[in-house]
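Protein chains: 2
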Amino acid sequence: MNYKISDTIVAISTPPGSGAIGVVRLSGDKAIEIADKIFFGKNLIKAKANQNFYGKIKSSEDQILDECMASIFRSPRSYTKEDVVEFACHGSDYILSSLLKLTLSLGARLAEPGEFTLRAYLNGQLDLAQSEAVADLIASKSEAQHKLAMNQLRGGVSNTISEMRNRLIEFASLIELENDFGEEDVEFANRDQLINQVNQMLVELKVLSKSFDLGNAIKDGIPVAIVGKPNAGKSTLLNALLKDDKAIVSPIAGTTRDVVEDTISINGKLYRFLDTAGLRETTDQIENIGILKAKEKIEKSSIVLFLSELRDDHLSIDKEFKDLHLAKDKKAIILLTKSDLFDHSCHAYDIEEAISTLNNRIPVLNISVEKNQNLDKLVELLDTSVNELSTGHNEVIISSARHYQSLENTIDALNKVLMGLSSSIPSDIIALDIRHALNSLGEISGEIQTDDLLDSIFSNFCIGK
Amino acid sequence: MNYKISDTIVAISTPPGSGAIGVVRLSGDKAIEIADKIFFGKNLIKAKANQNFYGKIKSSEDQILDECMASIFRSPRSYTKEDVVEFACHGSDYILSSLLKLTLSLGARLAEPGEFTLRAYLNGQLDLAQSEAVADLIASKSEAQHKLAMNQLRGGVSNTISEMRNRLIEFASLIELENDFGEEDVEFANRDQLINQVNQMLVELKVLSKSFDLGNAIKDGIPVAIVGKPNAGKSTLLNALLKDDKAIVSPIAGTTRDVVEDTISINGKLYRFLDTAGLRETTDQIENIGILKAKEKIEKSSIVLFLSELRDDHLSIDKEFKDLHLAKDKKAIILLTKSDLFDHSCHAYDIEEAISTLNNRIPVLNISVEKNQNLDKLVELLDTSVNELSTGHNEVIISSARHYQSLENTIDALNKVLMGLSSSIPSDIIALDIRHALNSLGEISGEIQTDDLLDSIFSNFCIGK
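First to last, the protein sequences are chains Y and V. Okay, so the first sequence: first residue is 21 according to the working numbering, each after it adds one. Okay, so the second sequence: first residue is 21 according to the working numbering, each after it adds one.
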């Protein structure tokens with residue numbers, strides 16, 4: 021990444037391909053000067069900010085490259101806080117790349133991925149967590165992803181981290197004060213009170229750190245393992261959910277074209293269905309090898325859909341399900357499939373009720389993909405499960421692995437602080453651990469930064485943002 | 021196509037996919053009213069035209085869909101001459117499609133392909149030939165295509181047609197005047213003068229119509245047939261030209277990704293290389309079947325590259341070339357290949373000179389792809405050939421098959437007028453043919469239009485333009 025903020029940078033900011041409108045964006049000290057040299061119809065140097073001007077872009081005296089609109093933004097009232105010019109041209113690759121070359125020949129430099137946002141960060145427009153949210157926002161494919169990113173962009177994560185950091189700084193100053201008077205063996209702060217403070221912070225940090233499970237699930241798609249014997253109706257269900265999605269998503273072509281296979285947005289939530297081909301049956305016993313294979317997928321999932329044919333008896337279904345040995349906090353739904361092929365009165369009892377009772381009121385649903393029975397209820401149950409995953413988290417949810425790592429490092433450091441306070445470790449050693457905690461926390465919003473860190477963040481952006 | 025111009029239309033105007041910026045555009049009476057309902061940060065109804073406003077788009081009371089820039093254009097100072105609002109959002113499919121749905125729920129209608137430009141045409145902003153140029157401009161992939169489209173957009177074709185049409189109208193009024201006084205057997209205009217006028221117009225129309233060969237070649241790529249025996253180095257040359265192109269085109273990734281295979285932009289001109297696998301040799305005689313196969317490609321091409329190994333003697337090369345029986349106006353270049361493998365002093369004479377002399381000073385060039393010898397000269401020769409194709413045409417070049425057909429119809433009608441004037445056909449019959457000519461000419465710029473015509477033109481546009 022190039023950190024020469026004195027350069028004027030340029031990029032095509034709209035997606036590649038032909039379209040009605042294509043935008044080329046310049047940012048930097050010379051943005052307006054360069055734009056003015058090629059734009060005819062308005063003196064951009066004298067032009068008012070935040071206005072649109074119609075004019076011609078000329079590549080030479082008598083060669084008109086395009087008729088377009090130019091918008092001027094003057095420092096500091098722009099995305100980057102620098103002077104910015106945006107040309108809205110006809111969306112032709114030829115025109116946009118020619119315009120780009122034209123600005124390069126006049127002294128602009130091709131922007132690196134995310135460099136506009138990097139400048140917004142370096143110039144104090146956004147902090148680091150907010151900058152990352154910009155990329156998440158652009159990449160978001162579901163309502164839940166979008167909400168997460170928008171919340172982070174609007175300072176949700178940053179404010180929480182900043183508030184914690186202020187408390188930690190206050191705390192640090194108390195300890196450092198003790199250091200200054202170290203010779204005199206003064207204790208400015210009551211140790212028990214300090215321990216309480218750290219404990220309280222640890223509780224909050226752990227809640228935040230734990231929210232990454234959900235945040236990550238929302239961002240990458242809530243992982244749902246579909247488990248069951250091969251003829252339980254697993255792929256039929258998957259196809260039905262996929263088809264359903266195609267109808268639901270949006271009337272706009274191309275909206276979900278580039279999603280990963282088996283990732284589906286239903287009712288504003290992105291699900292990632294994990295295919296488990298595993299559960300094979302030999303002489304009515306589930307093979308251990310099959311279970312082992314499925315275990316991995318189950319481990320990674322937030323929700324498990326366990327499928328079994330409705331015609332099986334409730335005890336064998338229950339045994340199969342229990343053999344999965346699901347962790348206690350794993351959400352599970354038992355689906356009794358092919359309910360259309362089965363005369364419900366044949367079971368002399370309410371099979372759903374029976375299984376549900378055996379399994380601590382777990383949701384049990386009979387479905388028929390063929391007859392479209394209860395598929396709407398399944399979607400409702402998935403929805404409820406996701407909402408249950410969210411409870412216990414306050415508004416702020418961490419969705420970045422980087423933030424998660426920084427939080428874990430902060431927690432580690434604070435645990436050391438706690439140990440130090442509880443034993444007779446000198447306060448200057450404790451102060452060192454506090455500083456570690458402060459640094460780790462500061463990395464999230466970017467108070468603490470390194471070039472490597474910035475590189476790894478902004479290189480994932482698209483060019484032009 | 022929907023011609024309800026009272027509707028307010030909306031579309032995503034940037035190409036599909038994630039990007040830094042995505043634009044949603046509204047046009048129509050209610051554009052500003054609808055936009056104002058979802059945009060917070062500025063009262064758009066009272067807002068000044070041609071300005072950018074920063075604000076939030078809310079999908080409900082407490083749901084922020086995006087932070088974006090809104091631009092307002094007020095009728096008639098906009099692309100469509102209607103009220104127009106453009107939202108420049110984060111380029112996320114989710115955000116853009118949600119915004120689209122939001123405007124639809126407030127009474128906007130999804131725009132059909134090209135409907136913004138259709139309105140620009142119906143509202144008198146552009147004529148039909150200029151409207152078509154908008155689509156050509158967006159699709160253009162080479163400097164030559166771009167120049168052609170830009171010239172047409174700026175009225176090049178329209179002005180010429182309009183000028184011709186005025187002359188024809190004047191001419192028609194003379195003939196119609198005769199009709200009004202028909203009983204009295206008056207001749208208001210000297211027949212010989214009239215015949216001269218029509219002849220003059222026919223000459224000009226034919227030049228214009230003939231320019232379609234070049235216009236079409238530029239638009240679709242100048243067709244170049246590569247002819248020669250299989251081991252003459254044909255594919256090696258093609259690959260070299262393709263590779264060359266990749267280096268030349270532009271430093272921007274993706275610029276030429278979606279070109280048709282074997283279509284290459286070199287020095288601002290788009291070439292379409294036609295592979296001829298045909299010319300096989302049996303006992304030193306070129307098979308007739310091979311020639312027949314190659315003939316078709318040669319027929320379609322504007323330029324023929326004939327390849328032969330340099331080591332062959334000039335008489336047999338000359339014979340092979342003559343066996344192609346190229347039409348007189350076909351541009352041809354003879355390439356003597358693998359010149360690096362051959363000691364030039366072995367020919368006791370200048371072989372290029374010898375062949376060139378035998379063929380009316382046709383360009384002959386020895387090349388070696390391996391050693392990169394004379395490839396630059398070949399590109400120069402191609403360039404020259406295209407420029408020679410252009411000579412004889414004035415500035416205005418027809419590139420649309422529709423315009424070509426209308427011109428041919430005009431020519432047909434005027435030929436009938438000519439026949440009428442030369443014989444004793446009554447002037448009311450002649451007037452009918454003149455009206456046919458006028459109608460055909462009027463179709464080009466859209467003075468004469470039908471819904472079918474508009475449908476066929478605008479359905480080829482991208483949505484959002």
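Note that the Cβ used here is the ideal one computed from N, Cα and C, for glycine as well. Just so we're clear, the structure is a prediction, and the values are computed from it rather than from any experiment.
At a cut-off of 8 Å between C-beta atoms, V:P36 counts as an interface residue with respect to chain Y. Of all alpha-carbon atoms in V:E372, V:L146, V:D472 and V:T377, the one lying nearest the alpha-carbon of V:L385 is that of V:E372. V:N251 sits in a helix when the DSSP states are folded into three classes. Bridge partners of Y:K351 according to DSSP: Y:I323. For V:N386, the enclosing beta strand (DSSP E) has its first and last residue at V384 to N386.
Check the Cα spacing between V:C109 and each of Y:S95, Y:V247, Y:Y141 and Y:P35: the tightest is with Y:P35.
When the beta-carbon positions are compared, Y:A40 and V:S33 come within less than 8 Å of each other. Under the 8 Å Cβ criterion, the segment 105 to 120 of chain V does not count as touching the segment 140 to 154 of chain V, having fewer than three qualifying pairs.
Under the DSSP assignment, Y:N199 falls in the alpha helix (DSSP H) whose first and last residues are G176 to D200. Residue contact check for Y:D56 against chain V: no CB pair falls below 8 Å. Annotation: V:N199 to V:I450 spans about 10 Å, alpha carbon to alpha carbon. In the structure shown, V:H110 falls within a strand segment according to DSSP collapsed to helix, strand and coil. Annotation: V:R129 to V:T28 spans about 6 Å, alpha carbon to alpha carbon.
DSSP, reduced to helix, strand and coil, places Y:D147 outside both helices and strands of the structure shown, so it counts as coil. Y:S426 is positioned such that its CB atom lies closer than 8 Å to that of Y:E463.
Using a CB distance below 7 Å, the part of the segment 72 to 92 of chain Y facing chain V consists of N72, I84 and S91, ordered along the chain. Y:D448 and Y:L441 have their C-alpha atoms roughly 11 Å apart. About 11 Å separates the CB atoms of Y:I246 and Y:R292; that is not less than 8 Å, and the two are not in contact.
V:L122 is classed as buried because its beta carbon has at least 16 other beta carbons within 10 Å across all chains shown.
Contact between the segment 320 to 332 of chain V and the segment 346 to 364 of chain V is present: three or more C-beta pairs spanning the two stretches fall below 8 Å. Under the rule that a run must span 4 or more residues, the alpha helix (DSSP H) segments found entirely inside the segment 402 to 475 of chain V read 421 to 442 and 447 to 465. Taking CB atoms only, Y:Y114 has a neighbour in chain V less than 8 Å away. Between Y:D113 and Y:S38 the beta-carbon gap is near 7 Å, inside 8 Å, which marks them as a contact. Each of V:A69, V:I58 and V:I445 was checked against the Cα of V:K76, and the nearest Cα belongs to V:I58.
Of all C-beta pairs linking the segment 172 to 186 of chain V to the segment 58 to 69 of chain V, fewer than three are shorter than 8 Å, placing the two stretches out of contact.
The beta carbon of Y:K161 sits closer than 8 Å to some beta carbon of chain V. Cβ-Cβ distances below 6 Å link V:F362 to L330 and R331 in the same chain, with the five nearest sequence neighbours on each side left out; the list follows chain order.
Judged by beta-carbon spacing, V:S465 lies within the 8 Å limit of V:L148, meaning their Cβ atoms are closer than that value. Rounded to whole angstroms, V:G235 and V:I418 show a C-alpha spacing of 5 Å.
Within its own chain, the residues whose Cβ lies closer than 6 Å to the Cβ of Y:L378, once the five positions on either side in sequence are excluded, are D338, listed in chain order.
Sorting V:G248, V:N435 and V:I84 by C-alpha distance to the C-alpha of Y:N171 places V:I84 at the top.
In the DSSP assignment, the residues bridged to V:P243 are V:R292.
Y:P96 is classed as exposed because its beta carbon has fewer than 16 other beta carbons within 10 Å across all chains shown.
The beta-carbon distance between V:L409 and V:L222, rounded to whole angstroms, is 23 Å. This is too long to meet the 8 Å contact definition.
According to the DSSP secondary-structure assignment, V:R129 is paired through a beta bridge with V:I29. Residue-level contact check: Y:K485 touches chain V, since one or more beta carbons of chain V fall below 8 Å from its beta carbon.
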